[in-house]
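Following: one structure in structure tokens, then a few remarks.
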Amino acid sequence: MISRMTAIALMVVLSMAQYASLATTPGPRVIIIGAGMSGISAGKRLSDAGITDLLILEATDHIGGRIHKRNFAGVNVEVGANWVEGVNGGKMNPIWSIVNSTLKLRNFRSDFEYLAQNVYKENGGLYDEEYVQKIIDRANNVEESGEKLSGTLHASGGGDMSILAMQRLYDHQPNGPATPVDMAVDYRKYDFEFAEPPRVTSLQNAVPLPTFSDFGDDVYFVADQRGYESVVYYLAGQYLKSDESSGKIADPRLKLNKVVSEISYSSAGVTVKTEDNSVYQADYVVVSASLGVLQSDLIQFKPQLPEWKIVAIYQFDMAVYTKIFVKFPKKFWPEGKGREFFLYASSRRGYYVVWQEFEKQYPGANVLLVTVTDEESRRIEQQSDNQTKAEIMEVLRKMFPGKDVPDATDILVPRWWSDRFYRGTYSNWPIGVNRYEYDQLRAPVGRVHFTGEHTSEHYNGYVHGAYLAGIDSAEILINCAQKNMCKYHIQGKYD
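Those letters in the sequence shown? Residues -23 to -1, 1 to 472, by mature numbering (1 follows the signal peptide of the UniProt record, and there is no 0).
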């Protein structure tokens, strides 16, 4: 008997085979949905291959997607992606070369080595450095044990477990990190990276993390007034026409404020409809909408996507990572070497834990950044900014009881989860998935192709993952359109 996994793999090959007689002209028409990093990256690769009859439909009024700056307190801050993660290793992170060498964006290496000196008690004052360091060392040792275990697990993902299960295994704690300091250290190590807690994050896909194994352990914070989005504009400028005076993209092939509502596809081509009742036709479509959008009802596919594709889409998590910027009339927090990052060790896990001050990045701005994720992000998005500001002020006054902590004068709270064009910030790999599910997520359905950071097997959730995913998905389309190689093979999960 044929196993269910093998049967699904065969279905994908057969569904692609029926489209083998695709357009043989050297320049098929392609619609790209979404002008974020993956969409723009895919467009560049297609253009480089001679496929220049492109149309990019972007739902918002700008390109860049989740790489986006906003003016706050007189400076441009990044409400989305902020770091180049994975630098100074064996391989060159492709985003780092653009940021640091080509565009020369202002960036600063983030140093978390001093956290033991900067963990605040729930009701004020600092924890003893030696006490915190022992907890950090223990967490690192447990992670090293988990890394060794991860390397022994079968590639199918059948033996995978949560990071929390691994912690229980090696730390001999029935419930994992439980004290305020344990939780704060754990949150900074895992939630701050994956935007979801260790209880739902895959050990096999996260420990060790390919981004750092491949590109290096260093991370650099981009704090340039041109914005991190300059990287996307730079890539777009390689194939889209720009206005000579303003430098802005002014190519008729890029259409902003075009919200795609329906994609119809058949062996003859694709038809894309937008909410303003515009209709566009092409030979192929590349969907670079976020995983959160694919899991919503914003875009209707006609016919409905096959079951194996829908299951793959819903099998992955769309996490929420919220960076809250707060402006004050004066500084009251410590500055200097080793003081950039500090933690609030609340008895409530994930409650305004990770803080960052900007002495170097935005001097004189008097701005703090606090990061929340997952359930706290969703909760905060549902309340007013004034309520969030009040909670933050209460936390800060507890942290610094002997200081004159003035009321915040402004606050910026991004709402990625509530935004129908994103429905979250980036994907997280759940327990038990491997290349099989990834291949299904990335696989085309006839003339409908898919890309996005969520389709990056090794670097999902990262800017470089989105960039490389755009290239990879474009290659699949190029092979089909130009070489008549339209069969996309998905190896069985246990093969």
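Ideal placement from N, C-alpha and C gives every residue a C-beta, glycine not left out.
In angstroms with no decimal places, state the Cα-to-Cα distance between Ser450 and Arg316. The residue given as residue 450 occupies position 473 in the sequence shown. The residue given as residue 316 occupies position 339 in the sequence shown. Approximately 42 Å, taken between the alpha carbons.
Roughly how many angstroms lie between the CA atoms of Leu103 and Thr299, to the nearest whole one? If you number the sequence shown from 1, residue 103 lands on position 126. If you number the sequence shown from 1, residue 299 lands on position 322. Separation of Leu103 and Thr299 (C-alpha to C-alpha, rounded to the nearest whole angstrom) is 25 Å.
Compare the C-alpha of Leu82 against each of Ser207, Val440, Glu239 and name the closest. To locate residue 82, count along the sequence shown from 1; it is residue 105. Checked all of Ser207, Val440, Glu239; the closest Cα to Leu82 is Ser207.
When you compare the CB positions of Tyr465 and Ile455, do they come within less than 8 Å of one another, or not? Locating residue 465 in the sequence shown gives position 488, where the first residue counts as 1. Locating residue 455 in the sequence shown gives position 478, where the first residue counts as 1. The Cβ atoms of Tyr465 and Ile455 do not sit closer than 8 Å to each other.
From Glu170 to Gly409, what distance separates their C-alpha atoms? Taking the first residue of the sequence shown as position 1, residue 170 is located at position 193. Taking the first residue of the sequence shown as position 1, residue 409 is located at position 432. Roughly 19 Å separates the two Cα atoms.
Rounded to whole angstroms, what is the Cα-Cα separation between Ala116 and Ser15? To locate residue 116, count along the sequence shown from 1; it is residue 139. To locate residue 15, count along the sequence shown from 1; it is residue 38. Near 35 Å, if we compare the C-alpha coordinates of Ser15 and Ala116.
Does the Cβ of Gln468 have 16 or more other Cβ atoms within 10 Å, making it buried, or fewer, making it exposed? Mapped onto the sequence shown, residue 468 falls at position 491. When all chains shown are included, Gln468 counts as exposed.
Select from Val288, Gly438, Gly135, Pro187 the residue whose C-alpha is nearest the C-alpha of Lys68. On the sequence shown, residue 68 is found 91 positions in, with the first residue counted as 1. Ranking Val288, Gly438, Gly135, Pro187 by Cα distance to Lys68 puts Pro187 first.
How far does the beta strand (DSSP E) with Leu275 in it extend, from its first residue to its last? Locating residue 275 in the sequence shown gives position 298, where the first residue counts as 1. Counting along the chain, Leu275 falls outside any beta strand (DSSP E), and DSSP gives it neither H nor E.
Do Ile281 and Phe85 have their C-beta atoms within less than 8 Å of each other? Numbered from its first residue, the sequence shown carries residue 281 at position 304. Numbered from its first residue, the sequence shown carries residue 85 at position 108. Note that residue 281 corresponds to Gln in the displayed sequence, not to Ile. No, the pair does not count as a contact, with Cβ atoms beyond the cut-off.
Please go through the same chain and pick out, in chain order, the residues whose beta-carbon is closer than 6 Å to the beta-carbon of Ala12, but skip the five residues on each side of it. Locating residue 12 in the sequence shown gives position 35, counting from the first residue. Within the same chain, Ala12 has close Cβ partners Ile33, Glu35, Ile40.
Taking the straight line between their C-alpha atoms, what separation do you get for Ser354 and Gly136? As a first step, residue 354 is located in the sequence shown; it is residue number 377 there, counting from the start. As a first step, residue 136 is located in the sequence shown; it is residue number 159 there, counting from the start. Near 31 Å, if we compare the C-alpha coordinates of Gly136 and Ser354.
Verify whether the separation of the beta carbon atoms of Arg326 and Tyr164 is less than 8 Å. Residue mapping note: residue 326 aligns to position 349 of the sequence shown, counting from 1. Residue mapping note: residue 164 aligns to position 187 of the sequence shown, counting from 1. Yes, they are a contact pair.
Can you tell me whether Gly153 is buried or exposed? The criterion is at least 16 other CB atoms within 10 Å of its CB, across all chains shown. As a working note, residue 153 is residue 176 in the sequence shown. So Gly153 ends up on the buried side.
Output needed for Arg374: all residues of its chain with C-beta closer than 7 Å, excluding positions within five of it in sequence on either side, in chain order. For the purposes of this step, residue 374 is taken as residue 397 along the sequence shown, with counting starting at 1. The beta carbon of Arg374 sits closer than 7 Å to those of Val382, all from its chain and outside the five residues before and after it, given in chain order.
Contact check, Lys304 vs Asn343 under 8 Å by CB: the rounded distance? Taking the first residue of the sequence shown as 1, we reach residue 304 at position 327. Taking the first residue of the sequence shown as 1, we reach residue 343 at position 366. Confirmed, Cβ separation roughly 6 Å.
First and last residue of the alpha helix (DSSP H) that includes Thr365? Numbered from 1 along the sequence shown, position 388 holds the residue referred to as residue 365. Thr365: member of the alpha helix (DSSP H) spanning 362 to 376, first to last residue.
Taking Val347 and Tyr328 to be in contact with their CB atoms under 8 Å, please state how far apart those CB atoms are, rounded to whole angstroms. By 1-based counting over the sequence shown, the position of residue 347 is 370. By 1-based counting over the sequence shown, the position of residue 328 is 351. About 10 Å separates the beta carbons of Val347 and Tyr328, which is beyond the 8 Å limit, so they are not a contact pair.
Mark Leu111 as exposed unless 16 or more other C-beta atoms lie within 10 angstroms of its C-beta, in which case mark it buried. Translated into the one-based positions of the sequence shown, residue 111 becomes position 134. A small fix is needed here, since residue 111 is Lys in this sequence, not Leu. Here Lys111 is exposed: its Cβ has fewer than 16 other Cβ atoms, across all protein chains shown, within 10 Å.
Using alpha carbons as the reference points, say which of Asn405, Pro407, Glu434, Trp406 lies closest to Arg419. Here the question's residue 419 lines up with position 442 in the sequence shown. Selected option, being the one with the closest Cα: Glu434.
How about Lys428 and Ser265: do their beta carbons lie closer than 8 Å? The count along the sequence shown starts at 1 and reaches residue 428 at position 451. The count along the sequence shown starts at 1 and reaches residue 265 at position 288. It should be noted that the sequence gives Thr, not Lys, for residue 428. Against a cut-off of 8 Å, the Cβ pair of Ser265 and Thr428 comes out as a contact.
Would His131 be called buried (16 or more neighbouring beta carbons within 10 Å of its own) or exposed? In the sequence shown, the residue the question calls residue 131 occupies position 154. By the neighbour-count criterion, in which 16 or more other beta carbons inside 10 Å mark a residue as buried, His131 falls on the exposed side.
On the CB-based measure, 16 or more other CB atoms within 10 Å of its CB, does Lys314 come out buried or exposed? As a working note, residue 314 is residue 337 in the sequence shown. Exposed, by the Cβ-count rule.
Helix, strand or coil, according to DSSP, for Phe309 in the structure here? For the purposes of this step, residue 309 is identified with residue 332 of the sequence shown, where counting begins at 1. Three-state result, Phe309: coil.
Look up Ser219 in the DSSP assignment and give the residues it is bridged to. Mapped onto the sequence shown, residue 219 falls at position 242. Note: Ser219 sits in a beta bridge opposite Ile226.
Run of the alpha helix (DSSP H) containing Lys111, from where it starts to where it stops: Start at 1 with the first residue of the sequence shown, and residue 111 comes out as number 134. 106 to 127 is the span of the alpha helix (DSSP H), which, as asked, contains Lys111.
When the Cβ atoms of the segment 85 to 97 are set against those of the segment 211 to 225, are three or more pairs found closer than 8 Å? With the rule of 3 Cβ pairs closer than 8 Å, the segment 85 to 97 does not count as touching the segment 211 to 225.
Under the three-state reduction of DSSP, which class applies to Tyr321: helix, strand or coil? Counting from 1 along the sequence shown, the entry for residue 321 is found at position 344. Strand, per DSSP.
Could you pull the start and end residues of the beta strand (DSSP E) that Thr238 belongs to? Position 261 of the sequence shown, counted from the first residue, corresponds to residue 238. Per the sequence shown, residue 238 should be read as Ser rather than Thr. For Ser238, the enclosing beta strand (DSSP E) starts and ends at 237 to 243.
By a C-beta neighbour count over all protein chains shown, 10 Å radius and 16 as the cutoff for buried, is Met295 buried or exposed? For the purposes of this step, residue 295 is identified with residue 318 of the sequence shown, where counting begins at 1. Only buried fits Met295, as 16 or more other CB atoms lie within 10 angstroms of its CB.
Extract the residue ranges of the alpha helix (DSSP H) inside the segment 160 to 214, only unbroken runs of 4 or more that lie entirely within it. Taking 4 residues as the minimum length, the alpha helix (DSSP H) runs contained wholly in the segment 160 to 214 are 180 to 183, 187 to 192, 207 to 213, in order along the chain.
Nearest CA to the CA of Glu120: which residue from Ala142, Pro229, Ala93? Position 143 of the sequence shown, counted from the start, is the residue given in the question as residue 120. The closest CA to that of Glu120, considering only Ala142, Pro229, Ala93, is found on Ala142.
Would you say the segment 55 to 71 touches the segment 190 to 203, given that touching needs at least three Cβ pairs under 8 Å? Taking 8 Å as the limit for Cβ pairs, the verdict is that the segment 190 to 203 does touch the segment 55 to 71.
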